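**Q** Residues in the sequence shown are numbered consecutively from 1, following UniProt numbering. In this text, a Cβ means the ideal position worked out from N, Cα and C, and glycines have one as well. Note that the coordinates shown come from a computational prediction; the quantities given were computed from them, not determined experimentally.
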Amino acid sequence: MRIYPCQAPEQLWVSDITYIRTLEGFSYLSLITDAYSRKIVGHALNPSLEAIGCIAALEMAVDSRKRISPFILMHHSDRGIQYCSQNYTALLNEDRIAISMTQSGSSYENALAERVNGIIKNEFFPKKVYQNHKEAKKSIAVIIGHYNERRPHASLNYHTPDQAHGMSGEIQKRWKGYSRPKKGKEENQVINI
């Protein structure tokens with residue numbers, strides 16, 4: 001899906017699941033992120049990959065809605081069995097949330113959700129292995145609070161997700177351009193030692 005330019009929160013939510021390591025095995029973190037503000041509006045950590053974790057995250061996101069938007073809210077995800085389940089899609093339909101899913105299964109089609117997964121895992125607890133599901137759940141709640149309230153984003157003009165969630169209109173991005181090295185003479189040289 002090409003993410004259309006959102007002009008306010010609650011126009012597009014992106015959703016994905018990521019794995020959290022514990023000594024008991026994996027737990028599964030379901031995240032729902034607002035595409036405009038990058039705010040995680042729903043999350044749930046579940047000890048299994050059953051749809052119940054995604055449903056809990058969706059219920060949290062729906063309960064967190066603060067405004068009645070003149071725009072249609074769209075929910076975008078991959079085609080995981082949890083997002084295709086009858087219970088999950090029924091909840092989306094009940095709340096009049098449009099459903100969008102990736103076509104090819106490529107992570108590029110859900111890049112924003114994948115990016116948020118990466119930020120949460122790599123910046124806040126790289127290679128962390130929790131003692132158990134309960135410890136992981138408690139830690140994740142604190143981490144998501146910190147992410148939403150204190151972590152500025154270059155894509156949000158260095159606002160936090162919470163700050164951006166109260167805004168509307170285009171937000172200036174402060175990305176630096178990443179240029180690839182130019183192919184040239186230096187790249188083709190062989191150095192003999």
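Any idea if Arg38 is buried or exposed, counting beta-carbon neighbours within 10 angstroms, 16 or more meaning buried?
**A** As a position in the sequence shown, residue 38 is number 38, starting the count at 1. With 16 or more Cβ atoms within 10 Å of its Cβ, Arg38 is classed as buried.
**Q** What does DSSP give as the partner residue(s) for His165 in the beta ladder?
**A** Counting from one through the sequence shown, the residue named residue 165 turns up at place 165. DSSP output for His165 lists no bridge partner at all.
**Q** Can you say whether Val116 is buried or exposed, counting buried as having 16 or more other CB atoms within 10 angstroms of its CB?
**A** Looking up residue 116 in the sequence shown gives position 116. Counting Cβ neighbours within 10 Å, Val116 comes out buried, since at least 16 surround it.
**Q** Would you list the residues sitting across from Asn46 in a DSSP beta bridge?
**A** Numbered from its first residue, the sequence shown carries residue 46 at position 46. DSSP, once it has assigned bridges, lists Tyr28 as partnering Asn46.
**Q** For Val129, count neighbouring C-beta atoms within 10 Å of its own C-beta (all shown protein chains included) and say buried if the count is 16 or more, exposed if not.
**A** Residue 129 sits at position 129 when you count from the first residue of the sequence shown. The residue in question, Val129, is exposed, as its Cβ has fewer than 16 Cβ neighbours within 10 Å.
**Q** Looking only at DSSP bridge pairs, what is Met60 linked to?
**A** Indexing the sequence shown from 1 puts residue 60 at position 60. According to DSSP, Met60 bridges with nothing at all.
**Q** For the segment 43–50 against the segment 148–168, do three or more pairs of beta-carbon atoms, one drawn from each stretch, fall closer than 8 Å, so that the two count as touching?
**A** No: fewer than three Cβ pairs fall under 8 Å.
**Q** Provide the residue span of the alpha helix (DSSP H) that contains Arg150, from first to last.
**A** For the purposes of this step, residue 150 is identified with residue 150 of the sequence shown, where counting begins at 1. Start and end: His133 to Arg150.
**Q** Is it true that the CB of Lys173 sits closer than 8 Å to the CB of Thr18?
**A** Taking the first residue of the sequence shown as 1, we reach residue 18 at position 18. Taking the first residue of the sequence shown as 1, we reach residue 173 at position 173. No; because the gap between Cβ atoms is not below 8 Å, this pair is not in contact.
**Q** Report the rounded CA-to-CA distance for Met101 versus Asn132, giving the unit in angstroms.
**A** By 1-based counting over the sequence shown, the position of residue 101 is 101. By 1-based counting over the sequence shown, the position of residue 132 is 132. Taking the straight line from one Cα to the other gives about 32 Å.
**Q** Can you name, in chain order, every residue of its own chain whose Cβ lies under 8 Å from the Cβ of Phe124, other than the five neighbours on each side?
**A** As a first step, residue 124 is located in the sequence shown; it is residue number 124 there, counting from the start. If we look at Phe124 and ignore the five residues flanking it on each side, its Cβ neighbours are Ile143, His146 and Tyr147.
**Q** What number of angstroms, rounded off, separates the C-alpha of Ala113 from the C-alpha of Leu49?
**A** By 1-based counting over the sequence shown, the position of residue 113 is 113. By 1-based counting over the sequence shown, the position of residue 49 is 49. When rounded, the distance between both Cα atoms is 17 Å.
**Q** Look at the alpha carbon of Asp34 and the alpha carbon of Glu170, and state the distance between them as a whole number of angstroms.
**A** The residue labelled residue 34 in the question sits at position 34 within the sequence shown. The residue labelled residue 170 in the question sits at position 170 within the sequence shown. Cα to Cα, Asp34 sits roughly 15 Å from Glu170.
**Q** Give the secondary structure of Val41 by DSSP, where H, G and I count as helix, E and B as strand, and everything else as coil.
**A** Walking along the sequence shown from the start, residue 41 turns up at place 41. In the structure shown, Val41 sits in a strand (DSSP, three-state: E or B).
**Q** Between the Cα of Glu24 and the Cα atoms of Ser155, Lys134, Ala111 and His159, which residue gives the shortest distance?
**A** Counted from its first residue, the sequence shown places residue 24 at position 24. Ranking Ser155, Lys134, Ala111 and His159 by Cα distance to Glu24 puts Lys134 first.
**Q** Would you report the Cα separation of Ile97 and Met60, rounded to the nearest angstrom?
**A** In the sequence shown, residue 97 corresponds to position 97, counting from 1. In the sequence shown, residue 60 corresponds to position 60, counting from 1. Looking at the two C-alpha atoms, the distance is approximately 14 Å.
**Q** On the CB-based measure, 16 or more other CB atoms within 10 Å of its CB, does Ala57 come out buried or exposed?
**A** In the sequence shown, the residue the question calls residue 57 occupies position 57. Buried is the call here.
**Q** Over what stretch of residues does the alpha helix (DSSP H) that includes Val116 continue unbroken?
**A** The sequence position of residue 116 within the sequence shown is 116, counting from 1. Counting along the chain, the alpha helix (DSSP H) containing Val116 begins and ends at Ala111 to Gly118.
**Q** Would you mind giving the Cβ-Cβ distance between residue 228 and Asp162, rounded to the nearest angstrom? I have them listed as a contact below 8 Å.
**A** An answer regarding residue 228 cannot be provided, because it is not within the stretch 1 to 193 covered by the chain.
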